[in-house]
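To start, the structure itself, in C-alpha cells.
2 protein chains.
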Amino acid sequence: DADQLPETTKNEVISFFESAPPLKGVAEIEKSLKEFVDRNASSSVNGRANRVVCVTSGGTTVPLEKLCVRYIDNFSSGHRGAASTEYFLKVGYSVVFLYRRGTCQPFCSSLPDDPLLDCFSVSNDSNIEVDALHAEIVKRAITENRAAVAEGILLKLPFTTIFEYLQILQLISVSLRDLGPSAIFFLAAAVSDFYVPWESMNLHKIQSASGPLDMRLAQVPKMLSVLRNEWAPMAFHISFKLETDKHILLAKADMALKKYKMHMVIANELSTRKEEVIVVTEHEKVTVRRDSIRAGAEVERPLVELVVDRHSAYVKKLDA
Amino acid sequence: DADQLPETTKNEVISFFESAPPLKGVAEIEKSLKEFVDRNASSSVNGRANRVVCVTSGGTTVPLEKLCVRYIDNFSSGHRGAASTEYFLKVGYSVVFLYRRGTCQPFCSSLPDDPLLDCFSVSNDSNIEVDALHAEIVKRAITENRAAVAEGILLKLPFTTIFEYLQILQLISVSLRDLGPSAIFFLAAAVSDFYVPWESMNLHKIQSASGPLDMRLAQVPKMLSVLRNEWAPMAFHISFKLETDKHILLAKADMALKKYKMHMVIANELSTRKEEVIVVTEHEKVTVRRDSIRAGAEVERPLVELVVDRHSAYVKKLDA
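First to last, the sequence lines map onto chains A and B. Letter 79 of the first sequence, counting from 1, is numbered 228 in the UniProt record's numbering, and no numbers are missing. Letter 242 of the second sequence, counting from 1, is numbered 391 in the UniProt record's numbering, and no numbers are missing.
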C-alpha cells in the first residue's frame with residue numbers, strides 16, 4: 150500500500166519523539182489551537198469551514214550539547230513565511246504561524262533590523278515619536294499584526310530547536326485534521342536534515358583542549374512523509390526546496406514531490422529567492438516572479454495567489 | 150622570551166586570516182574607528198586620554214558551507230555585553246561595542262523580545278503610542294542609546310561569522326594601540342572554538358541523501374594570545390570563561406589567565422550567570438553578586454565597578 154510508511158521510517162520517528170526533550174507549555178499550545186480551530190471552523194462562509202493555512206517560518210536549531218552552548222543553525226530570516234502570511238490573511242485564510250523565535254514577523258518585513266532604535270526618537274517634551282520616513286510602515290506593522298491576532302485569524306507559535314518544531318507541528322496537524330482539505334501546510338521553515346540524538350548528546354560543553362572535533366550527525370527522520378500520510382492526510386501539502394546549486398534544484402524538487410507525495414513543491418535558489426521561485430506540481434512547472442515594476446512588490450504575492458488557486462481546485466475536486 | 154608567540158600559533162593565525170573571506174566595508178570601519186579614537190584621545194580629562202573599552206558581545210557563527218545555509222552558532226543573548234556597556238558609559242568610559250547582529254543592545258536589555266509589537270499601539274486618531282507599562286524603559290532605551298552614539302562615546306560595530314569577528318577585532322586593537330594602558334578589552338562574546346577552514350568548506354549546500362554526516366572541525370587559532378601579545382600589548386585584557394560544569398570552571402579560568410596572560414578572567418556558569426560571576430586575577434578570586442534586594446539590579450553593575458577599580462590601579466602602576 151503506497152499510503153503506508155515503511156517500518157524503518159515509523160521506527161525512526163517513534164525513536165526521535167521518544168528521545169526528544171519534553172516540549173514545554175503543551176497544554177497552553179493545545180488550548181490556543183483548539184480555540185483557533187473552533188473559531189475558524191464555526192465562522193463558516195457559504196456553509197463551508199474557513200480555510201486555514203499553517204505557515205512554518207525560519208530555521209530550526211540542532212543542539213550539540215544538552216546544556217546548550219553550541220548548536221547548528223539553518224540560515225533563514227523568516228521573510229518568506231512572514232510575507233506569505235500577510236497575503237494569506239488578505240485573501241481570507243486564517244493562519245497558524247509557526248516561527249523561529251526572533252525571526253521576521255507578518256507585516257514587519259519591510260522594517261529596519263532594529264525598529265525601536267532606527268525609527269523612533271524622543272521629543273523635547275519627552276514624547277516618543279516615530280520619524281516621518283518610517284511612520285507609515287510602523288503604523289501598518291502594529292495595527293495589522295495586532296488586529297489579526299485580536300480577531301483570532303492569526304495564531305503565532307514560536308519554536309527554536311528541531312525538537313520543538315516537530316513537536317508543535319504534530320500538535321497543529323492533529324488540531325487541523327477536522328478541517329480536512331480546507332487546511333494547507335505551507336512549510337517554508339528551513340528544517341535541519343541532521344541532528345544529534347538527545348541520548349547520544351554531550352551533557353556539558355564540548356571541551357576544546359585537544360585537536361580537531363569530529364562529529365557524527367544522524368539524519369532527521371523524513372517527517373514530511375509522516376505529516377502527509379498520517380498526521381494530516383486530507384490537507385493540501387506544500388514544501389520548499391532551497392538549493393545553492395541551480396543545476397540540481399529542479400531534480401531535487403521533483404524528487405521531493407514524488408517521494409513525499411506533496412501537492413506542490415516550491416523550488417528556490419539562495420541567490421535569486423527574493424526575485425523568483427518555481428512552483429512544481431505533478432502537472433506543471435510555473436515560474437513565479439515578483440512584479441519588478443511596482444516598488445516594494447514581493448514574490449510572495451503572486452506565489453500565494455497561485456497557491457490559493459490550486460488549493461481551491463483541490464477542495465472543489467474533493468467536494469465533487 | 151615569554152612574550153613571543155610560538156611559531157605554530159603564528160602560522161595558524163596567518164593561515165586563518167589568509168584563507169578567510171575578505172571583510173566587507175573595511176574602509177568604513179577604519180574611518181569610524183579613526184574618528185572615534187581621535188575624538189576620545191583629544192577630549193582628555195586632567196591631561197590624560199579618555200579611557201576606552203572594547204566590549205565584545207554575542208556569539209560568533211561558523212559557516213559549514215561557503216554559500217551559507219547551515220552554520221554552527223554559539224548561544225549568547227548578548228545581555229552581558231550590552232548591560233556592561235551601559236555601566237562603562239555611566240562611569241565615563243567610551244565604548245567600542247563589537248556585537249553579533251540581532252543581539253541585545255545597550256539600554257535595551259530590559260525590553261520585551263519584540264518591542265515594536267509588544268509595547269506600541271496605534272490610537273484612534275492614528276498616532277503611535279507606547280503603552281504605560283513600558284513607557285519609561287522604551288524612552289530610556291531610545292534616548293540613552295541615541296545620545297551615546299550621537300556624542301561619539303559609543304561606536305557600534307556588528308559581526309556575524311567568526312571571520313568577521315576576528316577581522317574587526319584586529320582593526321579595533323590596532324586603532325586603540327595608541328591609547329596604551331587606557332584601553333580595556335572586555336571580551337564577553339561567545340567565540341567559536343572550532344571552525345571549518347574556508348578552503349576546505351563545501352561550496353554548495355551539504356546533501357542529505359545518504360546516511361549520517363561526518364564532520365571534522367579544526368580548532369580556531371588561539372587569538373587571545375595574538376591580541377594580548379601583538380595586537381594590543383599595553384591594554385588591560387579581560388576574557389570570559391563560560392562552562393556548564395561548575396567543577397571545572399575555576400581550573401579552566403586559572404588556565405586561561407596563565408596561558409593567555411590575561412589581567413582578569415571572568416568565570417561564569419551557564420545556569421547562574423545572571424546572579425553571580427567569579428573574577429579571577431593573578432592575586433585574587435572575587436565572587437561578584439547582583440544586589441538581590443534592589444529590583445532590576447544586574448550583576449554587571451558591581452562587575453564593571455570592580456573592573457574599573459582594577460583598571461585604574463593598572464594605569465597608575467604603569468604611569469608611575
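The beta carbon of each residue, even a glycine, is placed where N, CA and C say it ideally should be. Since we're looking at a predicted model, the values are computed, not measured.
Residue i to residue j span [Cα, whole Å]
i: B/Leu-247; j: B/His-283; result: 27 Å
i: A/Lys-423; j: B/Glu-449; result: 42 Å
i: B/Lys-159; j: B/Glu-379; result: 10 Å
i: A/Trp-347; j: A/Ala-416; result: 32 Å
i: A/Arg-438; j: A/Pro-451; result: 7 Å
i: B/Thr-210; j: B/Asp-222; result: 5 Å
i: A/Tyr-314; j: B/Glu-454; result: 42 Å
i: A/Thr-157; j: A/Ser-168; result: 16 Å
i: B/Leu-419; j: B/Thr-292; result: 32 Å
i: residue 118 of chain B; j: A/Leu-182; result: Only positions 150 to 469 of chain B appear in the structure, and residue 118 of chain B is not among them; the question remains open.
i: B/His-228; j: B/His-386; result: 20 Å
i: A/Ala-381; j: A/Gly-329; result: 8 Å
i: B/Ala-469; j: B/Leu-304; result: 31 Å
i: A/Asp-327; j: B/Pro-264; result: 36 Å
i: B/Ser-270; j: B/Glu-235; result: 28 Å
i: A/Pro-170; j: A/Leu-306; result: 18 Å
i: A/Pro-155; j: A/Met-372; result: 12 Å
Classification of residue i by the beta-carbon crowding that lies within 10 angstroms, buried from 16 upward
i: B/Val-342; result: According to the sequence provided, residue 342 of chain B is Asp. The question's Val does not apply to it. Classification for B/Asp-342: buried.
i: B/Asn-273; result: exposed
i: A/Ala-151; result: At A/Ala-151 the pLDDT is 44, less than 50, meaning the model places this residue with poor confidence; the figure from the coordinates comes in the next sentence. By the 10 Å Cβ count, A/Ala-151 comes out exposed.
i: B/Asn-276; result: exposed
i: A/Val-175; result: exposed
i: A/Ile-311; result: buried
i: A/Gly-445; result: exposed
i: A/Ile-442; result: exposed
i: A/Lys-407; result: exposed
i: residue 473 of chain B; result: The requested residue 473 of chain B is not part of the displayed model; chain B covers only 150 to 469.
i: B/Pro-212; result: buried
i: B/Arg-250; result: exposed
i: A/Met-383; result: exposed
i: A/Val-323; result: exposed
i: A/Lys-390; result: buried
i: B/Ala-462; result: exposed
i: B/Pro-361; result: exposed
i: B/Ala-232; result: buried
i: B/Glu-179; result: exposed
i: A/Ser-243; result: buried
i: A/Leu-238; result: buried
Cross-strand partners of residue i (DSSP beta bridge)
i: B/Leu-306; result: B/Leu-247
i: A/Lys-434; result: A/Val-429
i: B/Phe-334; result: B/Cys-203 and B/His-386
i: A/Met-364; result: B/Met-364
i: B/Pro-171; result: Partner(s): none; B/Pro-171 has no beta bridge.
i: B/Ser-270; result: B/Glu-278
i: A/Glu-418; result: A/Glu-392
i: B/Glu-177; result: The partner list for B/Glu-177 (beta bridge, DSSP) is empty, contrary to what the question assumes.
i: residue 119 of chain A; result: The requested residue 119 of chain A is not part of the displayed model; chain A covers only 150 to 469.
i: B/Asn-351; result: B/Glu-214
i: B/Phe-237; result: DSSP lists no partner for B/Phe-237.
Nearest to residue i (by Cα), restricted to the options the options
i: B/Glu-300; options: B/Val-204, B/Lys-408, B/Asn-189 and B/Val-435; result: B/Asn-189
i: B/Val-345; options: B/Ala-338, B/Glu-179, B/Val-369 and B/Pro-330; result: B/Val-369
i: B/Phe-165; options: B/Gln-319, B/Leu-391, B/Met-413 and B/Leu-467; result: B/Gln-319
i: A/Ala-338; options: A/Thr-205, A/Glu-184, A/Glu-167 and A/Leu-260; result: A/Thr-205
i: A/Asp-267; options: B/Ala-290, B/Ser-233 and B/Met-383; result: B/Ala-290
i: B/Leu-376; options: B/Glu-235, B/Asp-363, B/Ala-297 and B/His-412; result: B/His-412
i: A/Phe-224; options: B/Val-218, B/Pro-212, B/Ser-225 and B/Gly-227; result: B/Val-218
i: B/Thr-309; options: B/Tyr-463, B/Val-162, B/Leu-172 and B/Ala-462; result: B/Leu-172
i: B/Leu-230; options: B/Arg-326, B/Ala-462 and B/Glu-447; result: Reading off the sequence, residue 230 of chain B comes out as Gly, not Leu. Per the Cα distances, B/Glu-447.
i: A/Val-464; options: A/Asp-263, A/Val-201 and A/Glu-184; result: A/Val-201
i: A/Arg-365; options: A/Leu-238, A/Met-350, A/Ile-317 and A/Gln-316; result: A/Met-350
i: B/Leu-336; options: B/Gln-316, B/Glu-184, B/Val-279 and B/Val-414; result: B/Val-414
i: B/Ala-405; options: B/Thr-421, B/Glu-431 and B/Thr-393; result: B/Glu-431
i: A/Lys-215; options: B/Thr-393, B/Gln-254 and B/Ser-388; result: B/Thr-393
i: A/Glu-433; options: A/Val-340, A/Thr-421, A/Asp-403 and A/Asp-440; result: A/Asp-403
i: A/Glu-184; options: A/Gly-208, A/Lys-371, A/Pro-255 and A/Val-298; result: A/Val-298
i: B/Ser-226; options: B/Phe-237, B/Gln-254, B/Val-245 and B/Tyr-220; result: B/Gln-254
i: A/His-460; options: A/Val-279, A/Asn-199 and A/Leu-373; result: A/Asn-199
i: A/Gly-207; options: A/Lys-410, A/Thr-252 and A/Ile-333; result: A/Thr-252
Can you find at least 3 beta carbon pairs, one from the region 424-434 of chain A and one from the region 394-403 of chain A, that sit closer than 8 Å? yes
Using 8 Å as the threshold, is the region 253-261 of chain A in touch with the region 286-294 of chain A, meaning 3 or more CB pairs across them? yes
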